[in-house]
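Mapping to this note's numbering: the sequence shown position 187 is 189, numbers consecutive. Working notes, beginning with the structure itself.
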Amino acid sequence: MTTLYEGAFAKLNLTLDVLGKRDDGYHDLKSVMQTVSIRDDIEIDIGTGKPWCLKCDKEGIPTDERNLAWKAAKVYCDVMGKNPDGIEIRITKRIPSEAGMGGGSADAAAVLRALNRHYGDPLSIMALAELGAQIGSDVPFCVVCGTCMCEGRGEQLRRLPDMPDCIIVVCKPEFSVSTPELYRKIDEVAIANRPDHQAMESALLAGDLEKVAHNLCNVFDPVVTSDHLELNYIKSLFHQYGAVGYQMTGSGSACFAIVSEFEVAAVICNMLKANYPNVYICKPV
Ligand code: ATP
């Protein structure tokens with residue numbers, strides 16, 4: 003039996019635009035995504051000689067074939083024609099669930115990377131990302147990591163220059179957002195403010211953190227905030243204590259702030275901790 007270890011990194015959306023509804027019912031998206039240092043740990047035993055099983059230290063996460071990490075192992079073995087003779091996956095969960103931080107997708111991507119490495123890297127990272135699209139729309143990016151422009155349903159990826167070094171504070175409020183409901187709402191509203199992707203790309207190319215922060219834009223942010231005014235409270239704290247930029251990530255409900263100094267992050271974190279148990283300080287990775 004062999005044990006594989008792999009980190010699964012959370013993502014944040016620096017930009018997120020919904021370009022329209024496709025004939026197949028999905029939406030075309032355009033998003034600059036960034037991995038951050040909040041991570042789940044994945045361990046995989048290969049060759050257990052027993053039926054497949056999955057364990058997770060956090061309650062409420064499925065531990066059967068519905069888990070995206072399990073799905074990823076199944077897809078990899080089926081497509082690559084591998085018979086691992088029994089797999090046990092163990093997940094140590096730190097990425098908050100239903101946050102818009104791609105927790106399940108990150109776990110799936112980590113499983114794909116680990117299995118591909120185990121079998122001698124038969125797939126390039128981009129081919130592995132393409133395989134990830136069969137599991138979920140955020141999986142291709144979570145395979146590649148770093149800073150990327152993601153388009154279509156998330157399967158079209160282009161690497162961008164690394165996000166400038168900074169500190170990021172993430173706050174996950176208690177409430178969750180129904181993603182299908184959110185897409186229904188976005189189809190009904192006129193989107194007033196869309197990301198300027200050219201400006202974001204130039205900011206990344208120049209390594210200009212302030213410009214990156216000023217070009218944060220997520221079309222879902224105002225839609226979710228109008229239903230959950232506590233996001234305004236979180237954002238007002240970010241603003242008051244000197245964050246350079248802030249917004250909700252993905253379909254929510256986590257919000258993040260970009261700050262240039264650790265001391266500022268620590269103050270924001272302490273203020274938020276009074277009301278929110280799930281506050282994190284992290285960095286782009
Ligand atoms: P996204 O940003 O991709 O929308 P999210 O943060 O909204 O992700 P996740 O935390 O990835 O959402 O999980 C959403 C649901 O997916 C969970 O409620 C859970 O039932 C299911 N799920 C399946 N596999 C996993 C996994 N490995 N980790 C967490 N959740 C998983």
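For glycine and all other residues, C-beta sits at the position ideal for the given N, C-alpha and C. As the structure is a prediction and not an experimental result, all values here were calculated from the model.
- Here S39 is near K285, since their CB atoms are less than 8 Å apart.
- Selection K84, C173 and A129 evaluated against C257 yields C173 as nearest (Cα-Cα).
- About 15 Å separates the Cβ atoms of V171 and I97, ruling out a contact at the 8 Å cut-off.
- Counting along the chain, L31 sits inside the beta strand (DSSP E) bounded by residues H29 to I48.
- Look at the region 223-258 and you find these whole runs of alpha helix (DSSP H), each 4 residues long or longer: 232-242.
- The alpha-carbon separation between N234 and L125 amounts to approximately 44 Å.
- When beta bridges are read from the DSSP output, P286 appears opposite V38.
- Excluding sequence positions up to five before and after E212, its CB lies within less than 7 Å of the CB of V246, all in the same chain and listed in chain order.
- Judged by the Cβ position, G102 qualifies as a neighbour of the ligand ATP at the 7 Å threshold, a heavy atom of the ligand being closer than this.
- Straight-line spacing of the CA atoms in M151 and K60 works out to 31 Å.
- Distance from F143 to L162 at the Cβ level is roughly 11 Å; contact not present, criterion being Cβ atoms closer than 8 Å.
- Relative to the ligand ATP, the nearest heavy atom lies less than 7 Å away from the CB of L70.
- Assigned with DSSP and collapsed to three states, L206 falls in helix.
- Nearest to L184 by C-alpha distance, out of K84, A112 and P224, is P224.
- Secondary structure at I170: strand, using DSSP grouped into helix, strand and coil.
- The C-beta separation of C58 from T50 comes to about 17 Å, leaving the pair out of contact by the 8 Å criterion.
- Taking V226 as reference, the option from F240, E203 and G252 with the minimal CA-CA separation is G252.
- With 16 or more other Cβ atoms inside 10 Å of its own Cβ, Y248 counts as buried.
- Restricted to the region 132-165, the beta strand (DSSP E) segments that are unbroken, complete and at least 3 residues in length are 149-154 and 158-161, listed in chain order.
- Residues of the same chain with a CB within less than 6 Å of the CB of S139, apart from the 5 flanking positions on each side, are R155 and G156 in chain order.
- For the pair T4 and D47, the Cα-to-Cα distance works out to about 6 Å.
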